[in-house]
Structure formats: structure tokens, C-alpha cells
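Counting in my numbering, the sequence shown runs from 526 upward without gaps.
Note that beta-carbon positions come from the ideal geometry of N, C-alpha and C, so glycine has one too.
Being a predicted model, the structure only gives us computed values, none of them experimental.
In what follows, a single structure is set out as C-alpha cells and then discussed.
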Amino acid sequence: MDYPLLNAFWTMCLIFLWVLWLILLFRIIGDIFRSRDINNWAKTGWLVLVILLPFLGVFIYVIARGHGMSEREFAQAERQQKQLQTYLRDTVGTGDETARHADSLAKLAELKNHGDITDEEFQKAKAKVLA
Numbered sequence: 526m527d528y529p530l531l532n533a534f535w536t537m538c539l540i541f542l543w544v545l546w547l548i549l550l551f552r553i554i555g556d557i558f559r560s561r562d563i564n565n566w567a568k569t570g571w572l573v574l575v576i577l578l579p580f581l582g583v584f585i586y587v588i589a590r591g592h593g594m595s596e597r598e599f600a601q602a603e604r605q606q607k608q609l610q611t612y613l614r615d616t617v618g619t620g621d622e623t624a625r626h627a628d629s630l631a632k633l634a635e636l637k638n639h640g641d642i643t644d645e646e647f648q649k650a651k652a653k654v655l656a
């Protein structure tokens, strides 16, 4: 059970670097598939290079196409954000509309509670607001 502290630290560093390497490798493979500016044969070539000669392939890819990786990732994130906003806007409605409806319903409830309008008038006005 003779394992000095420095060896434990060195082992942890090597594991960290190995995990970091795997993350970089998978991000590059994802970027190869995401890239729209190269054709399928070039994608196949990059994949073969990255899979058969991983260290050399990754370093060459980062040097040759690394500048566009962040741009493609940023564009993908923007597309996803726009899709989410469109979905939320269609599902929930705009914030101004919802706030206006809530304000109108609150005013109607207040008028009904004060006795200014009857229950029947309240239901008709509520139906108009919600329609």
C-alpha cells in the first residue's frame, strides 16, 4: 500500500487530461457533422483522420478549422434559442397580451366585488376578455 501523494496527484492529472481529450474528440466529431460548408466526402475524410489517427487528426482539425468551431456552435445555439422563443410565444402568448388580459380580469373582479356589475355582466365581460 505504498502509493505516495505525488503519485496520486499525477494519476488524477492524467485522468483529468484523458477526460478532457475525450471531450475535445467528441466535440470535434460533432463539429464535423454540424459543419455545412464542407461536402460529405470531406466530412468522411476528416472522420477517418480523426478516428484512425486521433491525436494528429484532432490537432490538424483544430489548426485547419478551429476558428469556425465556435462560430458554428454559436449559430446552433442561436437557432435553438429562436426555436424556443417561437415555441414559447406560440404556446403562452406575448407577455403584453397576457398582462393586459390579467389586468382586465382583475378590474372586472374588482367591479363585481364592489357591486358595480352583476354576476351575469361579469361572466359576459370575462368571456369577451378571454376570447
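Is it a yes or a no for the region 574-584 touching the region 535-551, going by three-plus beta-carbon pairs under 8 Å?
In short, these stretches touch, since the Cβ pair count reaches three.
Between the region 590-604 and the region 552-572, do at least 3 Cβ pairs fall closer than 8 Å?
Yes, they touch.
Please classify Asp556: is it buried, with 16 or more other beta-carbons within 10 angstroms of its beta-carbon, or exposed?
Looking at its Cβ environment, which holds 16 or more other Cβ atoms inside 10 Å, Asp556 is buried.
Leaving out the 5 sequence neighbours to the left and right, which residues in its chain are closer than 6 Å to Asp615 when beta-carbon positions are compared?
Within the same chain, Asp615 has no close Cβ partners at all.
How many angstroms separate the CA atom of Val587 from the CA atom of Gln610?
Rounded to whole angstroms, Val587 to Gln610 spans 33 Å at the Cα level.
Would you kindly work out how many angstroms separate the C-alpha atoms of Ile554 and Gln605, rounded to a whole number?
Straight-line Cα distance between these residues: approximately 20 Å.
Pull up the distance between the alpha-carbon of Thr536 and that of Gln601, whole angstroms please.
Near 36 Å, if we compare the C-alpha coordinates of Gln601 and Thr536.
Tell me the start and end of each unbroken alpha helix (DSSP H) in the region 602-651 that is at least 4 residues and wholly inside, in chain order.
You should have 620-639.
First and last residue of the alpha helix (DSSP H) that includes Arg552?
Looking at the DSSP string, the run of the alpha helix (DSSP H) that includes Arg552 is 530-559.
Determine the direct distance from the alpha carbon of Leu655 to that of Ala567, and round the result to whole angstroms.
Ala567 and Leu655: Cα-Cα distance of roughly 56 Å.
Rounded to the nearest angstrom, what separates Ile642 and Val617 at their Cα positions?
C-alpha separation (whole angstroms): 30 Å.
Judging by CA-CA distance, which residue of Lys651, Glu645, His639 is the nearest neighbour of Asp628?
For the residues Lys651, Glu645, His639, the minimum Cα distance to Asp628 belongs to Lys651.
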